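Heads up, the thing below is written out as structure tokens.
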Amino acid sequence: MNKTIRRASVFCLLLVLALLVRVTWVQAYQGQALADDTHNRRNLIGQYQNPLGNIIVGGEAITGSAKTEGSKDFGYKRTYTDGPLYAPITGHTSQVYTSTMLEGIYKNILNGSDNRLKSFMDILTNKRADPGNVLTTIDKGVQKAGYDALQGKQGAAVAIDPGTGEILGVVNNPSYDPGSITGSGKDAEAAWVKLSANQGAPMMNVALRKPQAPGSTFKLVTLAAALENGLFSSIDQPTGIPDPYTIPGTTTVLKSEVPTPGCNNVTLRDGLKKSCNNVFAELAYRLGQDKMRDMAEKFGFNTDAKIPIGTTPTSKYPSKKMSKDQVAQTGIGQFDVQATPLQMAMVTAAIENGGKLVAPHVVSEVTDSGGNVLESFKDPKSQQVMSEKTASMIRDAMKTVVSDGGGKPAQVSGAEVGGKTGTAQRGVNNSLAPLAWFTSYGKTSGGKQIVVAVVIENSDTDRSEIGGGKLAAPVAQKMMEAWLKK
């Protein structure tokens with residue numbers, strides 16, 4: 158063999174060896190990653206090859222599967238019962254578009270690809286198992302009451318059982334029908350384009366994923382911080398805070414809903430009932446940024462509430478260094494304070510539950526097709542946010558808001574109800590219509606309890622008439638009544 162042929166043979170052998178190494182690398186090390194890649198169409202085809210598992214509310218499936226007509230790739234598509242009612246919980250799963258909310262978080266359970274669903278033979282053959290199911294904590298009556306009460310308004314609401322942490326209702330309006338975008342045809346495409354262009358953003362989960370200025374509902378956090386840090390020992394002690402009141406470090410006089418001097422030297426109880434901005438701005442100023450932030454974070458601000466359904470971005474209390482006037486403004490839920498209805502429901506839940514915040518959750522169990530439990534959330538973690546004494550005083554003040562103040566529309570016959578109204582400025586120079594907030598608790602002598610937080614973003618109400626008591630409290634009332642009188 159001459160030198161040239163020998164060199165060519167060695168070169169060819171090296172090429173063959175390189176190909177063998179590459180094939181081995183791909184199959185042994187990259188195979189699973191390529192199989193799991195979101196761009197691998199085989200995964201999508203496999204996901205819809207068979208009927209999906211279901212999301213359960215009150216023992217009944219609110220999802221289903223239907224055979225796909227005219228598709229060579231997809232055997233089935235997702236269907237929904239009362240889609241717009243439950244969309245904030247289910248989200249959607251689509252043959253073309255992304256999966257969201259519970260449909261996205263538990264995608265592998267619902268399509269049978271989760272390894273926990275597989276038998277030993279399924280694992281050996283890489284076969285998809287029978288899909289599992291996701292059981293929610295949602296109460297049908299509470300959910301429907303909130304959905305109906307929000308009609309004609311743009312907003313959202315969250316209801317929680319404060320003793321268990323179970324989320325009883327998550328409502329958004331406008332909502333959307335997730336069933337309209339599950340397929341891969343032109344109708345689904347047209348529905349997606351229409352939903353994406355809707356200025357009301359029906360696919361935005363305002364209840365869980367849109368932090369906004371909470372306005373005066375945040376005064377509950379400020380009040381808790383003041384009592385826990387010993388600024389006052391009683392809610393009926395005169396505060397000595399003047400009205401008119403100038404924001405510290407400025408020449409700006411801070412006004413309240415009641416005319417001056419209606420908030421002069423009021424007690425904490427009356428300050429909450431009248432929603433006196435001077436009182437809570439001064440409390441925040443005296444406490445300082447660190448103590449205010451510490452109290453807010455105990456309630457869940459600046460952390461992601463793992464419920465699990467996904468709540469990013471989080472509610473926040475500012476971490477950056479603030480000036481005196483900015484700290485004072487946070488005391489009334491303005492400046493850079495932001496909260497979702499879920500977060501304000503968590504604040505009220507801790508107050509109602511003796512100062513203990515039970516981790517909120519919307520899923521009770523995840524099961525396989527035979528009902529065997531794969532995950533359980535029936536024993537959630539809890540944290541003591543404040544003392545029982547502090548919580549009791551705040552509840553007492555909240556009762557006054559509902560019995561004698563702006564929260565009267567939230568009253569439920571035969572039940573104890575406490576609440577806090579809120580109106581939050583938004584937009585440059587307050588250019589947008591203010592947000593109307595209401596957060597409340599309700600309980601019966603038999604021990605049944607519920608908290609509800611509501612935000613109204615837009616309605617046909619004249620701007621001068623926008624307020625949490627008028628717009629948001631009636632929604633909370635309907636949801637509380639549906640649970641307490643069940």
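In this note's numbering, the protein residues as written are 158 to 643. Every residue, glycine too, gets a C-beta built ideally from N, C-alpha and C. Keep in mind that this is a model prediction, so the values were computed, not measured.
Next item on the list: Please list, in chain order, all residues of the same chain as Thr596 whose beta carbon is under 6 Å from its beta carbon, the five residues on each side excluded.
Entry: Thr374, Met501, Thr505, Lys577 and Ala610
Notebook entry, point to check: In angstroms, rounded to a whole number, what distance separates the CA positions of Val173 and Gly232?
Noted result: 41 Å
Next item on the list: Measure from the alpha carbon of Lys513 to the alpha carbon of each residue in Pro416, Asp536, Leu499 and Phe456, then state which is nearest.
Entry: Phe456
Item checked: Burial state of Ala683 (16 or more Cβ within 10 Å) -> Because the chain is modelled from 158 through 643, residue 683 falls outside the range shown and cannot be assessed.
Checklist line | Cutoff 7 Å; reference Leu384; Cβ partners in own chain excluding five residues on either side | finding: Thr547 and Met550
Check: What do you get for Glu226, buried or exposed, if any count of 16 or more other CB atoms within 10 angstroms of its CB means buried?
Finding: exposed
Next item on the list: My understanding is that Leu628 touches Ala593, with C-beta atoms under 8 Å, so please give their C-beta distance in whole angstroms.
Entry: Indeed, because the Cβ distance is near 4 Å, the residues count as touching under 8 Å.
Notebook entry, point to check: Just how far apart, CA to CA, sit Pro148 and Ala313?
Noted result: Nothing about residue 148 can be read from this structure; the chain reaches only from 158 to 643.
Notebook entry, point to check: Touching or not, the segment 393-411 and the segment 432-440, by the rule of three or more beta carbon pairs under 8 Å?
Noted result: yes
Item checked: Buried versus exposed, by CB contacts within 10 Å (16 or more), Thr255 -> exposed
Note to self: Counting C-beta neighbours from all protein chains within 10 Å, is the total for Ala175 16 or more, i.e. buried, or is it exposed?
What the structure shows: exposed
Margin query: Does the segment 353-371 come into contact with the segment 417-428, if we say contact requires no fewer than three beta-carbon pairs (one atom in each stretch) closer than 8 Å?
Written below: no
Note to self: For a quick check, are the C-beta atoms of Leu307 and Val632 less than 8 Å apart?
What the structure shows: yes
Item checked: Counted within 10 angstroms of its Cβ, other Cβ atoms place Cys169 as buried (16 or more) or exposed -> Burial state of Cys169 is exposed, judged by a 10 Å Cβ sphere holding fewer than 16 other Cβ atoms.
Next item on the list: Compute the distance between the beta-carbons of Ala382 and Lys430, then report whether it is under 8 Å.
Entry: no
Notebook entry, point to check: Taking Leu259 as the reference, which of Val327, Ser276 and Gly575 has the closest Cα?
Noted result: That would be Val327, whose Cα lies nearest to the Cα of Leu259.
Notebook entry, point to check: Ends of the beta strand (DSSP E) at Ala313?
Noted result: Gln311 to Ile317
Note to self: Can you give me the C-alpha to C-alpha distance between Gly511 and Gln606, rounded to a whole angstrom?
What the structure shows: 12 Å
Item checked: Asp482 to Ala453 span [Cα, whole Å] -> Each residue's alpha carbon lies about 18 Å from the other.
Next item on the list: Kindly indicate which residue of Lys264, Tyr205 and Asn329 has the alpha-carbon position closest to the one of Pro241.
Entry: Comparing Cα-Cα distances from Pro241 to each of Lys264, Tyr205 and Asn329, the minimum goes to Asn329.
Next item on the list: Report all residues from its chain with a CB closer than 6 Å to the CB of Thr339; omit the five preceding and five following residues, and keep chain order.
Entry: Lys234, Arg235 and Ser251
Check: For Pro395, which of helix, strand or coil comes out of DSSP?
Finding: Strand, per DSSP.
Note to self: I need the boundaries of the beta strand (DSSP E) containing Gly248, first residue and last residue.
What the structure shows: First-last for Gly248: undefined, no H or E at that position.
Notebook entry, point to check: So what does Ala581 bridge to, in DSSP terms?
Noted result: Leu592
Notebook entry, point to check: Along the chain, where does the alpha helix (DSSP H) that runs through Tyr442 open and close?
Noted result: Asn434 to Leu444
Check: Are Thr247 and Tyr263 closer than 8 Å when you measure CB to CB?
Finding: no
Notebook entry, point to check: How is Ile404 classed by DSSP in three states: helix, strand or coil?
Noted result: coil
Notebook entry, point to check: Which residues does DSSP pair with Val574 in a beta bridge?
Noted result: Gly599
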